[in-house]
Amino acid sequence: MSATAAAATQLIALAAGALLVTSVLVVWRRELSAQVRLLTVQGVSLALLAVTIGLSGPRSARAELVVVAVLVLVLRAWLLPWVVGRRLRAGVEAGDAAREDGARLNPTAGLVAVALLTTVAYLVSRPISAGVGTGSGGGTSGPAAFAVPVGIGMVLIGFLLLVDRRRAMSQLIGFLVLDNGIATVAFLTAAGVPFAVELGVSSDVLLVVLILAVLSRRMHAQLGSTTLGSMTELKD
Amino acid sequence: MTALLLLPPLAAALVGAVAATSMSALVTRLSGVLTSAVLLATGIVLLAHRGPVPALGGDLLRADPLSALMLAVVGAVGLTATWSGLAPRPGQGARPAATRSERRYAAFVAVFLGAMSTAVTTDNLGLLWVAVEATTIATAFLVGHRGGARSVEAAWKYVVLGSVGIAIALLGTVLLYAASRSAGEATLSWTRLASGDLPLDHGLVRVAVGLAVLGFATKAGLAPMHSWLPDAHSQAPAPVSGLMSGVLLAVAFYAILRIRTIADVVLGPGLVRGLLLAAGLGSLAVAAALILRQRDHKRMLAYSSIEHMGVLAVGAAVGGPIALAAVLLHLVGHGLAKASLFVVAGRMLAAEGTTTIADVRGLLARRPDVAVPLVAGMTALLGFPPFALFFSEVAIVLAGWRAGLGWAMGLTVALLLVVVAGLVRATASMVLGPAHPAPGGAVATAGAAPSAVPRSDDHGPDRGPMTPLVLALGVTAVIGFVAVPVGDVLARAAASLGLS
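Going down the list, the sequences are from chains F and E.
Residues 53 to 288, numbered by the working numbering, are exactly what the first sequence covers, in order.
Residues 433 to 932, numbered by the working numbering, are exactly what the second sequence covers, in order.
Next comes the structure, spelled out in structure tokens:
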């Protein structure tokens, strides 16, 4: 049993590592289609994380978590990157840029910022890891509290992308990294949220991405560009 | 009684589906009114209900007095906004079928109302989050409904900031769930989390509550996460602006009230009180600064919503039965007054072709049907007696004074006075003045008038039913005096948050 547990821990660490690395690479790469491919890898890693936690956890929750893992795989590794990628190709055909060219930080500065954010993530997740790790009152402890900083780090990297990037599609990708980070925290601390809530959250994320894709098309049609700097009409 | 809980979401879904598919213009026109009426009626029946709290499906749906009150408020404000937003009946056979855009609009309004009703009647914090995020999705289409560069800009900022803010709340919710799981009972049920029975880890709950309050505060338009609000509220069609300002902010605030109770039970009042006080005073300061130099009428109303959210946050920070009952009264009064004012602003935009304050003069002489409700609504909004906001603001300030927050209350009153000055000045300059501007001003008016005529279709009608405005402002005026049923209702609703 301990061999299986060790293997599960290794797999969780592997998946968490893949999640963090893909997030960092999204910051580093400027090519938008490459960022979308990284999102696919991230979705697969998240599904691997979910299924590992499910199979190593209590028997009663196994089936549910496997179903959740399939949902994650379909949504985050296929559907969301597909929606973003499709919009991206349509935009490029209509003359929109295929690269993020308005980022405030250059790639090196971006990576330094990511390193700082990851350190911050380790610091701020201490109470979280401590809280779920102990399992006070005879409760179940979190499945893999040691990897929580990865999830928090992804959330922070998502914020960095949202602040740093100037293209509409890059912001959308930043939002997805942020959302993957939250899902990661959910799996690591509580083996995912209840199934009904997971379904609701997934459909909300899908709808938000669809809306933003539609809006970015309208933005291109109205303003002739999808840089956020072109939106300056509304101010006091 | 428990089956009644299913009525609002089911009615909204049904009406939305019918409105999306039916070609009948009548269905499209009346769908919002019908949904709101169902919500209001259900809310009132649930408020009148005594005895055990009706609950359905485990922790999914539950309506304590606070939920019932919120449901009634959503219904009442929805009724005000959708009923008075009805265009005057078109001429005989002028518009036989609803256009695709009209059908989509009607369906999204129904979905929006349904999502808000679900948010206030659920006991599950996860479902509450899903419903609040669903309101973002429904309103995103409504904000962008008019089309054009400004609408797209407003909708983009709204969706990105709203979703990111609310994502923080999801992180907080997830951590609360993790805390309950570590304490031995994995649950997102508000009643269980706020019961005090679970040995929740304090450090974890502290982080979770902070994130959840921060996230829902973004959606509630509290400073410093308010920057999407003036854009979205000023670009949406008037009834939608009324709904967003009047109740959507209140629904997000309701989520904060629920989280606050959990924090009170587990950690004591310190953390959330500090957060809410900072956000409340910050919102008041931002609103005061920007209302004073505001040139656009609809943006001014949007900043006034930030101001009132600030008052609510200060009231919730004070806590205690009196302040919480006053917060709920404030929420009712603000919802009705603000929805009426946004509807009036929509009519003014259609009639004048502009919402720039400086371009509107002599409204009272030219268009008393727009000017009178504008003045009445502003009087209510500014918190003059006999309107409900007077009583609620006085009660919050007095309760805060007694709770030892004198400095904060002094600051609140000072900022409220600045807001009053700004709003009175702007309103007076629009309402007063001669009917026909002097030759100097005539150039600007003449320049604006021709462009207003062809564009009037974009802005909706400049006339509409007056009854809902009279009813809404009438209710705001008398509700402060009707102590026997109203006071009891508010006290019971506040009591369901715990008396801390």
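Every residue, glycine too, gets a C-beta built ideally from N, C-alpha and C.
Contacts with chain F (Cβ-Cβ distance below 9 angstroms) from the stretch 642 to 661 of chain E involve no residue at all. Counting along the chain, Pro441 (chain E) sits inside the alpha helix (DSSP H) bounded by residues Leu439 to Thr453. If you draw a straight line from the Cα of Gly674 (chain E) to the Cα of Ala70 (chain F), it is about 46 angstroms long. Residue range Gly752 to Glu784 is occupied by the alpha helix (DSSP H) that includes His766 (chain E). At a C-beta separation below 7 angstroms, Phe247 (chain F) has no neighbours in chain E, since its nearest C-beta there lies roughly 10 angstroms away. Along the stretch 755 to 787 of chain E, there is no position whose C-beta sits under 9 angstroms from a C-beta of chain F. With the rule of 3 Cβ pairs closer than 8 angstroms, the stretch 131 to 151 of chain F does not count as touching the stretch 105 to 121 of chain F. Here the alpha carbons of Glu152 (chain F) and Thr467 (chain E) stand approximately 45 angstroms from one another. Counting other Cβ atoms within 10 Å of its Cβ, Arg156 (chain F) stays below 16 and is therefore classed as exposed. Fully enclosed alpha helix (DSSP H) runs of no fewer than 4 residues occupy 200 to 216 of the stretch 193 to 218 of chain F, in order along the chain. In the DSSP annotation of this structure, the continuous segment of the alpha helix (DSSP H) that includes His272 (chain F) starts and ends at Phe247 to Leu275.
The CB of Leu607 (chain E) comes closer than 7 angstroms to the CB of Ile180 and Thr241 in chain F, given here in chain order. For Leu125 (chain F), same chain residues with a beta-carbon under 6 angstroms away, outside a window of 5 residues either side, are Ala99 in chain order.
Any Cβ of chain E closer than 7 angstroms to the Cβ of Leu212 (chain F) would place that residue at the interface, and such an atom is absent. Annotation for Leu901 (chain E): Ser516, Ser772 and Pro805 place their beta carbon closer than 6 angstroms to its own, counting only its chain and skipping 5 residues before and after. Under the Cβ criterion (8 angstroms, minimum of three pairs), the stretch 817 to 836 of chain E does not count as touching the stretch 773 to 781 of chain E. Residue pairing by DSSP puts Arg151 (chain F) in a beta bridge opposite F:Glu83.
With the criterion set as a beta carbon lying under 9 angstroms from some beta carbon of chain F, the members of the stretch 562 to 576 of chain E are Val562, Ala563, Glu565, Ala566, Thr568, Ile569, Ala572, Phe573 and Gly576, in sequence order. Two segments are said to touch when three or more pairs of C-beta atoms, one from each, lie closer than 8 angstroms; by this definition the stretch 614 to 629 of chain E does not touch the stretch 678 to 685 of chain E.
For Leu493 (chain E), the pairing in a beta bridge is given by DSSP as E:Leu488 and E:Thr554.
No Cβ of chain E is located within less than 7 angstroms of the beta carbon of Met221 (chain F). Annotated as proximal: Val562 (chain E) and Asp256 (chain F), with beta-carbon spacing under 7 angstroms. Taking the Cα positions, Leu559 (chain E) is about 28 angstroms away from Asp663 (chain E). By the neighbour-count criterion, in which a residue is buried when 16 or more other Cβ atoms sit within 10 angstroms of its Cβ, Asn556 (chain E) is buried. Not a single C-beta of chain F is nearer than 7 angstroms to the C-beta of Glu534 (chain E).
Between His577 (chain E) and Pro669 (chain E), the gap from beta carbon to beta carbon is short of 7 angstroms.
In the DSSP annotation of this structure, Gln726 (chain E) is not part of any alpha helix (DSSP H), being labelled neither H nor E. Contact note: Met271 (chain F) reaches chain E through Val584 and Trp588, using a C-beta cutoff of 7 angstroms and chain order.
Chain order gives no chain F residues near Ala749 (chain E), where near means a beta carbon separation below 7 angstroms; the closest approach is about 24 angstroms.
For Ser612 (chain E), the secondary structure class from DSSP, reduced to helix, strand or coil, is helix. With a 10 Å radius around the Cβ and a threshold of 16 neighbouring Cβ atoms, Leu781 (chain E) comes out buried. Put simply, the stretch 647 to 659 of chain E touches the stretch 578 to 593 of chain E. At least three CB pairs are less than 8 angstroms apart. Here Ala529 (chain E) carries a strand assignment [DSSP, helix/strand/coil]. In the three-state DSSP reduction, Ser928 (chain E) falls in the coil class, being neither helix nor strand. Secondary structure note for Ser861 (chain E): its alpha helix (DSSP H) is the uninterrupted segment Gly838 to Val863. With respect to chain F, the C-beta atom of Ser595 (chain E) has a partner C-beta closer than 7 angstroms.
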